[in-house]
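Chemist:
There are 2 protein chains.
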Amino acid sequence: MDESKLKEGSCKYHMIGGDGPNSYAQNSEYQKQLLVSAEELIHELIDKHLDLENPPFDPQNTFKIADFGCSIGPNAFFAIENIIAAIVNKYKSNQNKNPNHPIPEFQIFFNDLVDNDFNTLFTNLPTARKYFVAGVPGSFHGRLFPKSTLHFAHCSTALHWLSRVPEAVAKRGSTAWNKGKIHYSGAGEEVKEAYAGQYREDMEVFLNARGEELVDGGLMVLVLIGFRDGVLCSDSSIGGVFDILISCLQDVANMGKISEEKVDSFNLPFYYPSPSELKGLIEANGLFNIERMAELGAPMRRNPDAQVLTSHLRAVIEGLIEEQFGDGIVEELFTIYLERFAKSPALLDDRCWKETNYFVFLKRKPSFPIGESLL
Amino acid sequence: MDESKLKEGSCKYHMIGGDGPNSYAQNSEYQKQLLVSAEELIHELIDKHLDLENPPFDPQNTFKIADFGCSIGPNAFFAIENIIAAIVNKYKSNQNKNPNHPIPEFQIFFNDLVDNDFNTLFTNLPTARKYFVAGVPGSFHGRLFPKSTLHFAHCSTALHWLSRVPEAVAKRGSTAWNKGKIHYSGAGEEVKEAYAGQYREDMEVFLNARGEELVDGGLMVLVLIGFRDGVLCSDSSIGGVFDILISCLQDVANMGKISEEKVDSFNLPFYYPSPSELKGLIEANGLFNIERMAELGAPMRRNPDAQVLTSHLRAVIEGLIEEQFGDGIVEELFTIYLERFAKSPALLDDRCWKETNYFVFLKRKPSFPIGESLL
Numbered sequence: 003m004d005e006s007k008l009k010e011g012s013c014k015y016h017m018i019g020g021d022g023p024n025s026y027a028q029n030s031e032y033q034k035q036l037l038v039s040a041e042e043l044i045h046e047l048i049d050k051h052l053d054l055e056n057p058p059f060d061p062q063n064t065f066k067i068a069d070f071g072c073s074i075g076p077n078a079f080f081a082i083e084n085i086i087a088a089i090v091n092k093y094k095s096n097q098n099k100n101p102n103h104p105i106p107e108f109q110i111f112f113n114d115l116v117d118n119d120f121n122t123l124f125t126n127l128p129t130a131r132k133y134f135v136a137g138v139p140g141s142f143h144g145r146l147f148p149k150s151t152l153h154f155a156h157c158s159t160a161l162h163w164l165s166r167v168p169e170a171v172a173k174r175g176s177t178a179w180n181k182g183k184i185h186y187s188g189a190g191e192e193v194k195e196a197y198a199g200q201y202r203e204d205m206e207v208f209l210n211a212r213g214e215e216l217v218d219g220g221l222m223v224l225v226l227i228g229f230r231d232g233v234l235c236s237d238s239s240i241g242g243v244f245d246i247l248i249s250c251l252q253d254v255a256n257m258g259k260i261s262e263e264k265v266d267s268f269n270l271p272f273y274y275p276s277p278s279e280l281k282g283l284i285e286a287n288g289l290f291n292i293e294r295m296a297e298l299g300a301p302m303r304r305n306p307d308a309q310v311l312t313s314h315l316r317a318v319i320e321g322l323i324e325e326q327f328g329d330g331i332v333e334e335l336f337t338i339y340l341e342r343f344a345k346s347p348a349l350l351d352d353r354c355w356k357e358t359n360y361f362v363f364l365k366r367k368p369s370f371p372i373g374e375s376l377l
Numbered sequence: 003m004d005e006s007k008l009k010e011g012s013c014k015y016h017m018i019g020g021d022g023p024n025s026y027a028q029n030s031e032y033q034k035q036l037l038v039s040a041e042e043l044i045h046e047l048i049d050k051h052l053d054l055e056n057p058p059f060d061p062q063n064t065f066k067i068a069d070f071g072c073s074i075g076p077n078a079f080f081a082i083e084n085i086i087a088a089i090v091n092k093y094k095s096n097q098n099k100n101p102n103h104p105i106p107e108f109q110i111f112f113n114d115l116v117d118n119d120f121n122t123l124f125t126n127l128p129t130a131r132k133y134f135v136a137g138v139p140g141s142f143h144g145r146l147f148p149k150s151t152l153h154f155a156h157c158s159t160a161l162h163w164l165s166r167v168p169e170a171v172a173k174r175g176s177t178a179w180n181k182g183k184i185h186y187s188g189a190g191e192e193v194k195e196a197y198a199g200q201y202r203e204d205m206e207v208f209l210n211a212r213g214e215e216l217v218d219g220g221l222m223v224l225v226l227i228g229f230r231d232g233v234l235c236s237d238s239s240i241g242g243v244f245d246i247l248i249s250c251l252q253d254v255a256n257m258g259k260i261s262e263e264k265v266d267s268f269n270l271p272f273y274y275p276s277p278s279e280l281k282g283l284i285e286a287n288g289l290f291n292i293e294r295m296a297e298l299g300a301p302m303r304r305n306p307d308a309q310v311l312t313s314h315l316r317a318v319i320e321g322l323i324e325e326q327f328g329d330g331i332v333e334e335l336f337t338i339y340l341e342r343f344a345k346s347p348a349l350l351d352d353r354c355w356k357e358t359n360y361f362v363f364l365k366r367k368p369s370f371p372i373g374e375s376l377l
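First to last, the sequence lines map onto chains A and B. Here the working numbering is used: the first residue of the first sequence is 3, the next is one more, and so on. Here the working numbering is used: the first residue of the second sequence is 3, the next is one more, and so on.
(1) Can you give the Cα-Cα distance for Glu333(A) and Ile184(A), rounded to whole angstroms?
(2) Mind checking which residues open and close the alpha helix (DSSP H) that includes Ile292(B)?
(3) With DSSP collapsed to three states, give me the class of Asp114(B).
(4) Compute the Euclidean distance between the alpha carbons of Leu270(B) and Gly232(B), then round it to the nearest angstrom.
(5) DSSP state of Arg212(B), grouped into three classes?
(6) Taking Cβ positions, are Pro104(A) and Pro61(A) nearer each other than 9 Å?
(7) Taking all protein chains shown into account, do 16 or more other C-beta atoms lie within 10 angstroms of the C-beta of Leu234(A), making it buried, or fewer, making it exposed?
(8) Taking only the alpha-carbon atoms, compute the straight-line gap between Glu42(A) and Arg131(A) and give it to the nearest angstrom.
(9) Among all the DSSP beta bridges, which residues are the ones paired with Tyr360(A)?
(10) Checking 9 Å against the spacing of the C-beta atoms, do Phe147(A) and Gly137(A) come in under that value?
(11) Measuring CA to CA, which of Ile74(B), Glu341(B), Ser238(B) is closest to Pro139(B)?
(12) Within the same chain, show all residues whose beta-carbon is closer than 7 Å to that of Glu214(B), passing over the 5 residues directly before and after it, in chain order.
(13) Do you know whose CA, among Leu47(A), Phe79(A), Ile227(A), lies nearest Asn113(A)'s CA?
(14) Using a Cβ-Cβ distance cut-off of 9 Å, determine whether Asp352(B) contacts chain A.
(15) Give the secondary structure of Lys149(B) by DSSP, where H, G and I count as helix, E and B as strand, and everything else as coil.
(16) Roughly how many whole angstroms lie between the Cα atoms of Ile338(A) and Tyr360(A)?
(17) Would you decide whether Gly282(B) is buried or exposed? Buried here means 16 or more other CB atoms lie within 10 Å of its CB.
(18) Does DSSP put Leu234(A) in a helix, a strand or coil?
(19) Sort out for me which residues DSSP pairs His156(A) with in a bridge.
(20) Distance check for Phe272(A) and Ser278(A), CA to CA, integer angstroms please.
(21) Output needed in chain order: residues of the stretch 127-148 of chain A with a Cβ under 9 Å from some Cβ in chain B.
(22) Under 9 Å between beta-carbons, which chain E residues line up against Phe111(A)? List them in chain order, please.
(23) For Asp119(B), go through chain A and note every residue whose CB falls closer than 9 Å to its CB, in chain order.
(24) May I ask you to list the residues that DSSP assigns as paired with Phe108(B)?
(25) Mind listing, in chain order, the continuous alpha helix (DSSP H) runs of no fewer than 4 residues lying wholly within the stretch 73-100 of chain A?
(26) Buried or exposed for Met17(A), please, with buried defined as at least 16 other CB atoms from any protein chain shown within 10 angstroms of its CB.
(27) Could you work out which residues of chain B lie near Ile124(A), taking near to mean beta carbons separated by less than 7 Å?
(28) When you compare the CB of Glu107(B) with every CB in chain A, is at least one pair closer than 9 Å?
(29) Please classify Val171(B): is it buried, with 16 or more other beta-carbons within 10 angstroms of its beta-carbon, or exposed?
(30) Below 8 Å on C-beta distance, what does Thr64(B) contact in chain A?
(31) Taking 9 Å as the threshold (C-beta atoms), are Leu289(B) and Gly228(B) in contact?
(32) Among Ser165(B), Leu226(B), Gly241(B), which one has its Cα closest to the Cα of Val207(B)?
(33) Nearest by alpha-carbon distance to Tyr93(A): which of Asn77(A), Asp119(A), Phe65(A) is it?
(34) Cutting at 7 Å between CB atoms, please list the residues of its own chain near Phe327(A), excluding the five before and the five after it.
(35) Since Val332(A) is in the beta strand (DSSP E), which residue starts that stretch and which ends it?
(36) Identify which residue in Ala155(A), Gly241(A), Asp204(A) has its Cα closest to the Cα of Gly220(A).
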């Protein structure tokens, strides 16, 4: 819990707050549609894998759910209500077998970075909710909850955020120095490997932390963006978006409004794993059983709209731009970006959208494998 | 959990956020000094009344503490760290008897109204803290936590806030209509009784909610402002402060900047119980044993400074003023207030400070008295 270290690495790693036209709240329909497409899977898998005869799920206890990387709603509320509905269904159907097993109370923890706009999150909470609420500030790349206090963890379209840009990438003279680029997309092997190394490290920390926080038999849903094995980021719409962004930054540098050096040292802290890479990391960690991995639908890829997609990008990365370049260039940068994006027909073409959304359903293994505690 | 009702009643019932010169953070030294004066009592009483052999205090569980009405720090952090230190002492001294009884992890819940500035609270969290954190938005005049999930509750200088101004007081034609005044201080018996009735109702709700949330044997510290039996609010510095405030509001109304009607319908939602009144309410509620009631010191009463006390009042009630009159008069009102306050020597006199700070230490009675669960 060394917050000073966290802050240093992540002070602008948050979505745009408030409720205005540039806010994440107004520009996260894509993420919402992903949650819609995961809705049924969540019902099916909770019904199958939530083990109500396991002591940590005693309904005398509160059922505790955390959403990691919640941002400011309303998507987080939608996701949580779907999970609660599935859990309540499970308890209800169990009551036929065991009538003394009442539906528990729910306590929901909404987590995001310290700089997340929790004020807006709390103001927007659904008024008719049937659960108790708490907000938890801090990076999910680290422990946020006491040992064995969560029953269910949820993390949607957040795990592509690295805890930091890998050091070597921004370091002049390093073999992985990423001059002239802002991401591993289209960069050399060393850059890709530096990013992949950071992702491995971050996922290990994430899984260990959640492994400690979840009860034995606790469940976790991850929704994340990645590429099918063999697909390169540079061939995708994400790669295309980053190419346009770097060209716009260079334009702003050419106007003399920001320094070349700042552009050279700017890199986006995003990583998009393939399914086999992700599976490998979860298995190597060893704390969770993978109960299901599935591809989700691809929302908003038909007839994508340049304005909508530009606003979406801005809501996500404006904080990073401000942190590196100050707030003086944001308006201009995204004005240029919108023009250029609209003139890139390839990016508006379906074939360009090669990234995929993955759904992963995990179950915390028992801390003591059966029998071991008897030795 | 009907938030719409809560919001209606309490949307500006919060301290001034941020870190600026008018913020509560910069103007709550009085409250801080109260916590300092309660420090030793808390150590002594936790040592005496925290029963580590009681199953809900099993150190395998997290030890959960909530601060009700936390505002935005730093006082809340100070209070919590003192409580944790006292609890850790108790566990340590217990380890001599029972070495297998380790110190638990701590999870701290900081509660205040939805409109509290949680962003500032989270940003200001101590970096070297040894506890997990969550923020809980909502009125403490109602349930905020699942059943039996807290071990310790703390509420300091917050319980004089009523959940709302008693209806009759602001109602033209009611026998309790409080025309020309903004509080029961100096008002007729009906007004005082309307306020007292609201306080009784609110305390009953508060105690019932905390009674459900705390485990059996759970502890609660209340620090609150009141008057010794027989002392009238109108004879005190609080009464004097309100007299000046109403005269300033009338001045602003005479300038034509706010309407007389708005002044007439404005009433402060504060109530200051006497110790016997408070004791009576806790005993009538019946869920808690009163382990100790004590008077606390009277910080900042020597040589009070008009500017400091004006800033303090402003940090507390600016939200209420804005809610009733808009934000256009705040600067002017407090400029007039400061002038007039500085010219009121009686208020700067020690003899005027007749209100007292009470410390109350409560213990949750067992839900099932010993033996009853065996019937």
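Ideal Cβ placement from N, Cα and C applies to all residues, glycine included.
Modeler: Taking the geometry as given:
(1) Cα-Cα distance, rounded: 19 Å.
(2) Where Ile292(B) is concerned, there is no enclosing alpha helix (DSSP H), although the beta strand (DSSP E) it sits in stretches over 290-298.
(3) Asp114(B) falls in the strand class under three-state DSSP.
(4) 22 Å
(5) Annotated three-state conformation of Arg212(B) is helix, per DSSP.
(6) yes
(7) exposed
(8) 21 Å
(9) Leu226(A), Glu297(A)
(10) no
(11) Ile74(B)
(12) The answer, listed in chain order, is Arg145, Lys149.
(13) Phe79(A)
(14) Output row for Asp352(B): interface = no.
(15) coil
(16) 32 Å
(17) exposed
(18) coil
(19) Asp69(A), Val223(A)
(20) 18 Å
(21) Leu127, Pro128, Thr129, Ala130, Arg131, Lys132, Tyr133, Phe134, Val135, Ala136, Gly137, Val138, Pro139, Gly140, Arg145, Leu146, Phe147, Pro148
(22) Looking at the structure shown, chain E is missing, and the protein chains on hand are A and B.
(23) Asp119(B) reaches chain A at Asn121, counting residues in chain order whose Cβ is nearer than 9 Å.
(24) Phe65(B)
(25) 77-99
(26) buried
(27) According to the sequence displayed, residue 124(A) carries Phe and not Ile. The answer, in chain order, is Val116, Phe120, Pro139.
(28) yes
(29) buried
(30) Pro148, Lys149, Thr151
(31) It is not a contact, given that the beta carbons lie outside the stated cut-off.
(32) Closest option to Val207(B), Cα to Cα, is Ser165(B).
(33) Phe65(A)
(34) Excluding its 5 nearest sequence neighbours in each direction, Phe327(A) has C-beta neighbours in its own chain below 7 Å: Ile260, Lys264, listed in chain order.
(35) First-last for Val332(A): 332-344, but that is the alpha helix (DSSP H), not the beta strand (DSSP E).
(36) With distances taken between Cα atoms, Gly220(A) lies closest to Ala155(A).
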